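Colleague:
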Amino acid sequence: MALIPIETRYRTEMADLFEEEAKLKQWMRVEAALARAHAKLGHIPKEAPAAIEAGAKKVSLLRVQAIEAETHHDLMAMVKALTEQSGSAGAYVHLGATSYDIEDTATALTLREAGLLVRQRAVELRRVLKKLALDNASRVCVGRTHGQHAVPTTYGMKFALYYTAMGRHLGRLDAAIGRVSCGKMSGATGTMATFGADAFKLEALVMKDLGLEPDPVSTQIVMRDRHAELLFALALIATTIEQVAQEIRHLQRTEIGEVAEAFGAKQVGSSTMPQKRNPHKSERLCSLARVVRAQIPIALENIPSEHERDLTNSAAERYLFPIVFCTTDFMLLELTKLLSGLEFFPEAIARNLALTHGGILAERVMMALAQKGMGRQEAHEIMRTASRESAEKGQPLLGILRAKSEVSRLLKGKELEALFDPSTYIGQAPQIVKRAVSDES
7 MALIPIETRY RTEMADLFEE EAKLKQWMRV EAALARAHAK LGHIPKEAPA
57 AIEAGAKKVS LLRVQAIEAE THHDLMAMVK ALTEQSGSAG AYVHLGATSY
107 DIEDTATALT LREAGLLVRQ RAVELRRVLK KLALDNASRV CVGRTHGQHA
157 VPTTYGMKFA LYYTAMGRHL GRLDAAIGRV SCGKMSGATG TMATFGADAF
207 KLEALVMKDL GLEPDPVSTQ IVMRDRHAEL LFALALIATT IEQVAQEIRH
257 LQRTEIGEVA EAFGAKQVGS STMPQKRNPH KSERLCSLAR VVRAQIPIAL
307 ENIPSEHERD LTNSAAERYL FPIVFCTTDF MLLELTKLLS GLEFFPEAIA
357 RNLALTHGGI LAERVMMALA QKGMGRQEAH EIMRTASRES AEKGQPLLGI
407 LRAKSEVSRL LKGKELEALF DPSTYIGQAP QIVKRAVSDE S
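If you're matching positions, the sequence shown starts at 7 in our numbering and goes up one per residue.
1. Looking at the secondary structure, which residues open and close the beta strand (DSSP E) in which histidine 155 lies?
2. Which one or two residues does DSSP pair with arginine 296 in a beta bridge?
3. Considering only the beta carbon of each residue, do glutamine 249 and tyrosine 325 sit closer than 9 Å?
4. Does arginine 150 come out as helix, strand or coil in the three-state DSSP assignment?
5. Residues in the same chain with beta-carbon distance under 7 Å from alanine 87, minus the five sequence neighbours each way, listed in chain order, please.
6. Give me, in chain order, the residues of the same chain whose beta-carbon lies closer than 7 Å to that of glycine 153; leave out the 5 immediate sequence neighbours on both sides.
7. Contact check, leucine 208 vs alanine 39 under 8 Å by CB: the rounded distance?
8. Roughly how many whole angstroms lie between the Cα atoms of glycine 263 and leucine 348?
9. Could you check the C-alpha separation between threonine 89 and valine 99 for me, to the nearest Å?
10. Going by DSSP, which residues form a beta bridge with proline 220?
11. Relative to the C-alpha of tyrosine 161, which candidate in Lys418, Ala139, Thr225, Val330 has its C-alpha closest?
12. How big is the Cα-Cα spacing for leucine 404 and valine 330?
13. Sort Ala103, Ala166, Ala266, Glu109 by Cα distance to alanine 28 and report the nearest one.
14. Do you know whose CA, among Ser346, Arg415, Leu9, Leu306, lies nearest phenylalanine 269's CA?
15. Return helix, strand or coil for tyrosine 16, following the three-state DSSP convention.
16. Pick helix, strand or coil for glutamate 314, following the three-state DSSP scheme.
17. Please state whether DSSP places phenylalanine 269 in a helix, a strand or coil.
18. Work out the CA separation of histidine 286 and proline 11 for me, nearest whole Å.
19. Report, in whole angstroms, the separation of the C-beta atoms of glycine 121 and valine 228, which I expect to be a contact under 8 Å.
20. Enumerated in chain order, which unbroken segments of the alpha helix (DSSP H) with a length of 4 residues or greater are wholly contained in the region 52-91?
21. Put glutamate 349 into one of helix, strand or coil per three-state DSSP.
22. Indicate the three-state DSSP secondary structure (helix, strand or coil) for serine 447 in the structure shown.
23. Output the distance between the C-alpha atoms of lysine 420 and arginine 408, rounded to the nearest integer angstrom.
24. Just to confirm my understanding: we take methionine 20, look at its own chain, exclude 5 residues before and 5 after, and list those with CB closer than 7 Å. What are they?
25. Please report how far the alpha carbon of threonine 6 lies from the alpha carbon of methionine 163, in whole angstroms.
26. Ordered along the chain, which non-local residues of its own chain (more than five positions away) have a Cβ less than 8 Å from that of leucine 341?
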């Protein structure tokens, strides 16, 4: 029976990379690479690696677990099980290696693969964000600061903002994947003593075989700042996902109602309130972002290790890696699907643009007055008091300004009226959107 939702409710193919069976295969993949390196250097019979590889195909997780129950050492359990299945070549399994030569190198393989899957998801999300940005580059809406109506903006600006954020995350992700793609064959304290004079050659052969870089210097383990950096990149991705989801949640509020998550014909919003159309997918994403971010302090705590190593990182990483990667992967897939079906409500967007009776264009009128020769501060004060009067009386700001001689002598008739069209006060928004999404990353 599964205990945590990444095994069931939020499971994606990412989970397959962190299954015990997958970890066992990665360990044996490294053992096979080690044997091939030894054979190339003439340390073991040239036919031994093939026998070890064949033995690896016969090793079962159940057998490894049975040995671990006796030995209380998971890696050594794998070594014994692999030795059993490798015939005479079993004498050369794990030759010269310490446990974390195998485990950390295998972890690099897994995290690289997992990181590349996250990258694939992020690229697909950016594709959807780019389309939304371009499709809505000129869709005018209320811009809000401090939760209050500010000046007009466009929906394209919103999606372009998220698109560029995800672009930065891809850059961070690429750098972190590069730094985590690093293994070691350096022995119990990192001195390579067990590998003799050919140590550097052997390590280079193993890492080339696996497509990894050799760690220039290590202890018994690879330093955990590499892992923490990659996890932090995922936490940033999760946080941007939350930013998008939070925006959707607010814009879907009944009193705003400008956008909404797609809602199936048979979908239920509440068990007791039939009218409800809750943004539950966005809410779920905000909740899961907390789970991802909460793991980062653990990743940082795992970096310090006593002397040449202790075991305090090990148990934590059994939770840490699958939770962060599997949760972030689900979030990326979920947001991509959500945005692909996002609904817009033009009437509500227009209603909200008119909600302040022209107040969101007070800045524009202020600037027009200043351009006509009025002092900027005087123009600001006129618009401040007129805007308050408009709000208190519930009357159009345009009408109040027409009654003010200091305004009407500078801005006459249709000239003043034209300033109250929000669709013509979006500055360079469409061009900004095009500039923001012009890259092809």
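In this text, a Cβ means the ideal position worked out from N, Cα and C, and glycines have one as well.
All values reported here derive from a predicted model rather than from experimental measurement.
Modeller: In short, the structure shows the following:
1. 154-160
2. Per DSSP, none; premise fails for arginine 296.
3. no
4. strand
5. Val65, Arg69, Val70, Ile73
6. none
7. That pair is no contact at about 10 Å.
8. 12 Å
9. 6 Å
10. Gly189
11. Ala139
12. 53 Å
13. Glu109
14. Ser346
15. coil
16. coil
17. coil
18. 17 Å
19. So it is not a contact: roughly 15 Å between Cβ atoms.
20. 54-62, 67-77, 80-91
21. strand
22. Confidence is the limiting factor: at serine 447 the pLDDT is only 46, short of 50, which leaves the residue's position unreliable and the question unanswerable from this model.
23. 11 Å
24. Ala120, Leu123, Phe331, Cys332, Asp335
25. As shown, the chain starts at 7 and ends at 447. That puts residue 6 outside it, with no answer to give.
26. Leu131, Ile247, Val250, Ala251, Leu291
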